[in-house]
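Step one of this worksheet: look at the structure below.
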Amino acid sequence: MTHSDTAGQPIPLEARSSGPLSGKVRVPGDKSISHRSLILGALAVGETRVSGLLEGEDVLNTAKSMRALGARVERAGPFAWEVAGVGVAGFAGPSAPLDFGNSGTGCRLVMGAVAGCPVTAVFDGDASLRSRPMRRVLDPLELMGAKVGAGKEGGRLPLTLQGARDPLPITYRTPVASAQIKSAVLLAGLSAPGITTVIEAEASRDHTELMLKHFGAEIVSEKEGSHGRKISLTGQPELHGADVVVPADPSSAAFPIVAALIVDGSDIVLSDVMTNPLRTGLFTTLREMGASIEQSGVRGDAGEPMAQFRVRGSKLRGVEVPPERAPSMIDEYLVLAVAASFAEGTTIMRGLQELRVKESDRLAATADMLRVNGVRVEISGDDLIVEGKGHVPGGGLVATHMDHRIAMSALVMGLASDKPVKVDDTAFIATSFPDFIPMMRSLGAEFS
Ligand code: S3P
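Numbering (our numbering), first residue to last: 15 to 462.
Right, here's the structure in full:
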């Protein structure tokens with residue numbers, strides 16, 4: 015069921031203590047790579063064939079926006095999509111506002127792509143997306159020559175973006191580690207003459223760089239400082255259509271992985287999980303906590319490595335997670351907090367300021383989710399401190415705040431807590447992991 019099928023009606027659900035989880039599953043395709051495959055396919059000349067695309071609402075909204083901008087985007091079969099692109103700077107002006115629903119990534123990346131084309135588009139989204147900051151992307155895009163109309167003042171959607179007829183290449187230092195800001199600048203830089211450079215103090219996920227190379231762009235990434243990168247893109251390349259195989263999403267895999275760790279006696283296998291080192295901070299952290307996660311059969315496609323994971327129920331202990339690890343696990347702190355609640359000892363997660371501007375204020379929402387289920391938790395500045403007692407009382411009702419990852423994390427918590435955990439609305443799970451509930455049930459999860 016998609017969120018739109020329910021006409022906005024909330025879909026509550028309860029998770030309760032379940033027997034050992036077992037079985038083998040492949041979670042859906044990576045969300046970041048799925049968005050990028052459609053956008054780059056639309057900016058390339060010729061045919062792009064994508065297999066394993068995530069058919070979640072966020073990505074489907076990006077597909078619609080690419081159609082509205084002139085590309086041909088068709089579903090050829092389950093998870094198989096074909097895109098016939100218009101070429102760099104070839105977008106046509108859309109006749110209606112582009113609606114990105116819940117997706118910050120879709121919205122901000124397409125803003126970058128539109129900023130380099132001489133067209134005007136209105137960007138909009140749902141109440142969650144309308145509350146999120148867009149200035150961080152608009153600032154560099156304005157430096158490149160794009161103009162922001164209505165909605166400019168607060169930097170909030172809905173807003174109008176007029177792309178640049180003659181975009182300028184810039185050198186831009188991102189103010190926060192954000193793959194969305196970096197990607198927006200690089201996508202706009204595709205139509206600028208000369209070199210567009212992005213410098214980031216902390217390396218963020220590099221899927222845009224890897225995929226641009228795969229589609230024929232000249233792009234160089236060098237180390238910058240101790241944790242950063244300097245990325246230089248040569249503008250006005252002829253991008254050619256390409257085949258893209260989308261690996262399984264490590265951010266979605268995080269949910270069955272943590273579920274298997276906290277439910278005693280579990281033993282599950284996940285196939286094709288992407289292991290790009292800029293996405294695997296959660297797995298590093300869980301291993302430090304004592305998790306049994308075996309990785310085998312590493313292989314790669316178009317620069318993105320993947321592996322099979324075997325995960326078994328484990329006794330976990332509290333750890334300290336350093337701030338420089340945040341970009342490589344930024345979407346995983348909610349479910350890590352669930353694992354930390356079941357661990358023995360204190361887990362301190364440092365440097366989580368970016369969590370405040372996600373689909374919801376995830377720092378506050380994580381603390382609330384734990385508190386209503388009897389876990390002691392504290393927010394100290396930008397750090398989250400969880401007191402693990404080896405078990406979780408449960409019995410709470412968790413508010414989803416239009417955030418798919420809150421809903422999935424709370425349901426995972428309920429699989430091992432003393433009393434069931436309820437969530438007020440599971441509808442937003444359809445944005446990133448439409449089959450989450452049946453897939454978890456197939457492993458033995460009890461939801462009702
Ligand atoms: C994403 C980047 C991250 C992440 C989001 C996906 C991407 O956001 O939270 O879910 O695909 O580029 P930021 O760039 O804001 O950190």
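Yeah, the Cβ is synthetic: ideal placement off N, Cα and C, and Gly gets one too.
Residue nearest to residue i in terms of C-alpha spacing, selected from the options
i, options, result
"P92", "L67, T76 and G410", "L67"
"T294", "S342, S266 and V64", "S342"
"N290", "R146, D281, A305 and P261", "P261"
"I307", "D315, F323 and L292", "F323"
"F475", "E167, S265, E401 and L123", "Since the first residue shown for the chain is 15 and the last is 462, residue 475 is missing from the structure and cannot be characterised."
"R179", "F114, P336, K38 and A106", "A106"
"F442", "L143, A82 and E252", "L143"
"A430", "D113, L366, L171 and L275", "L275"
"D72", "S462, E460, M453 and A444", "A444"
"S246", "H221, L200, V258 and K433", "L200"
"G230", "R219, V287, E252 and V437", "E252"
"T188", "P434, G101, D153 and A164", "D153"
"S48", "V64, A164, G163 and D439", "V64"
"L204", "S374, L171, I184 and D315", "I184"
Heavy atom of the ligand S3P within 6 Å of residue i beta-carbon
i, result
"D397", "no"
"T380", "no"
"D345", "yes"
"T119", "yes"
"Q194", "yes"
"S328", "no"
Residue i versus residue j - alpha carbon distance
i, j, result
"L182", "L157", "8 Å"
"S328", "G239", "37 Å"
"F450", "T76", "21 Å"
"V333", "S456", "31 Å"
"S18", "N116", "At S18 the pLDDT is 44, less than 50, meaning the model places this residue with poor confidence; the figure from the coordinates comes in the next sentence. Going by the C-alpha atoms only, they are around 12 Å apart."
"G208", "G55", "22 Å"
"R313", "G409", "42 Å"
"G168", "R149", "8 Å"
"G118", "K372", "8 Å"
"G165", "A421", "30 Å"
Contact with chain D by residue i, beta-carbon distance below 7 Å
i, result
"A321", "In the structure shown, chain D does not exist; there is a single protein chain."
Residue i (DSSP reduced to helix, strand or coil)
i, result
"S142", "helix"
"T16", "Because the pLDDT of T16 is 43, which lies under 50, any placement of that residue in the model is unreliable, and the question is left without a value."
"H49", "helix"
"E392", "strand"
"G295", "helix"
"G242", "strand"
"F269", "helix"
"T222", "helix"
"P154", "helix"
"L275", "helix"
"A215", "coil"
"K329", "coil"
"T76", "helix"
For residue j and residue i, believed in contact at Cβ under 8 Å, the rounded distance
i, j, result
"V352", "V277", "Incorrect: roughly 12 Å between the Cβ atoms, too far for contact."
"G126", "A202", "5 Å"
"L224", "G317", "4 Å"
"S355", "V386", "Not confirmed; about 12 Å, so no contact."
"V212", "K196", "5 Å"
"E401", "G255", "Actually they are not in contact, since the Cβ atoms of E401 and G255 sit about 53 Å apart, beyond 8 Å."
"M303", "R331", "6 Å"
"P42", "G70", "7 Å"
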